[in-house]
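These notes concern the structure reproduced below.
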Amino acid sequence: MATLVEIAAQLVASHASSTPMTSDELLAEIAKVHAALKGLEAGQPVEGAEEAKPSVSVKEAFKKNEVVCLICGKGGFKTLARHLSTAHSMKPGAYKKQFGISSKQALSAKSYSEARRKMAQDRGLADNLAKAREVRMANIEAKKGGAAKPAAKAPKAPKAKAPKAKK
């Protein structure tokens, strides 16, 4: 059977492989894990994990041009979803629940959301969505009505051509 030191070293090595750590942080982590394992072996009760406190307030985290992570305090993100999954192995829903963020609150910078919305409107995606919803509702009504023929598919909007480069 492995000793407590070996188990602690394996746990910390696994953690360090996915999270960048300095040598001082590694040593402190090994000591902390070893002490926790020793306490478990002696039958001492395990201390509850500290409740994560945000590094900045929720209001300060969502700025016009950037989003700041409430867990680590890193900023400069246009959107948090990828950072949460890679750095914290967390899904956006769990993040929102942990910090009491409304489910309607986007985890992206306001300017980024506005730019994406404008781009979608310029391409006519809102019109396509409205047409598809109409067709869907017509199909649902046709199924309720009985033998009526379902509505035809919505016609696709023509693709916008990119302007040609000048020579």
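Going by UniProt numbering, the letters in the sequence shown line up with residues 1 to 167, in that order.
Using N, Cα and C, we set each Cβ at its ideal position, and we do this for glycine too.
Length of the line joining the Cα atoms of Leu107 and Gly43:
In the sequence shown, the residue the question calls residue 107 occupies position 107. In the sequence shown, the residue the question calls residue 43 occupies position 43. Using only the alpha carbons, I get a separation of about 42 Å.
Taking 8 Å as the limit between beta carbons, can you name the residues of its chain near Leu37, skipping five residues before and five after?
Residue numbering aside, residue 37 sits at position 37 when the sequence shown is read from its first letter. So the list reads Leu4, Ile7 and Ala8, once near-sequence residues are dropped.
Looking only at its own chain, which residues have a Cβ that is under 6 Å from the Cβ of Val68, when we skip the five neighbours before and after it?
What you label residue 68 is simply residue 68 of the sequence shown in a count that begins at 1. Answer for Val68: Val56, Ala61 and Gly75, listed in chain order.
Would you kindly work out how many angstroms separate the C-alpha atoms of Thr22 and Ala31, rounded to a whole number?
Here residue 22 corresponds to residue number 22 of the sequence shown, with the count starting at 1. Here residue 31 corresponds to residue number 31 of the sequence shown, with the count starting at 1. Going by the C-alpha atoms only, they are around 14 Å apart.
For Val12, name the three-state secondary structure that DSSP assigns.
Numbered from 1 along the sequence shown, position 12 holds the residue referred to as residue 12. Val12 falls in the helix class under three-state DSSP.
Which residues share a DSSP beta bridge with Thr79?
On the sequence shown, position 79 is the one that residue 79 refers to. Its beta-bridge partners are Ser108.
Suppose you measure from the CA of Arg116 to the CA of Lys63; what does that come to, to the nearest Å?
Position 116 of the sequence shown, counting from 1, holds the residue named residue 116. Position 63 of the sequence shown, counting from 1, holds the residue named residue 63. Their backbone Cα atoms lie some 16 Å apart in a straight line.
Which residues DSSP lists as bridging Val67, in chain order:
The residue given as residue 67 occupies position 67 in the sequence shown. Answer is Phe62 and Phe77, bridged to Val67.
According to DSSP, is Lys53 part of a helix, a strand, or is it coil?
The residue you call residue 53 lines up with position 53 of the sequence shown. Correct three-state label for Lys53: coil.
Range of the contiguous alpha helix (DSSP H) that encloses Met137
Reading the sequence shown from its first residue, position 137 is the one you call residue 137. Counting along the chain, the alpha helix (DSSP H) containing Met137 begins and ends at Leu125 to Gly145.
Range of the contiguous alpha helix (DSSP H) that encloses Ala94
Counted from its first residue, the sequence shown places residue 94 at position 94. Looking at the DSSP string, the run of the alpha helix (DSSP H) that includes Ala94 is Pro92 to Phe99.
Hey, could you find the ends of the alpha helix (DSSP H) Ser103 is sitting in?
As a position in the sequence shown, residue 103 is number 103, starting the count at 1. Careful: Ser103 lies outside any alpha helix (DSSP H) and carries neither H nor E.
I'd like to check one pair, Val12 with Val33: are the Cβ atoms closer than 8 Å?
For the purposes of this step, residue 33 is identified with residue 33 of the sequence shown, where counting begins at 1. For the purposes of this step, residue 12 is identified with residue 12 of the sequence shown, where counting begins at 1. A contact, by the Cβ cut-off of 8 Å.
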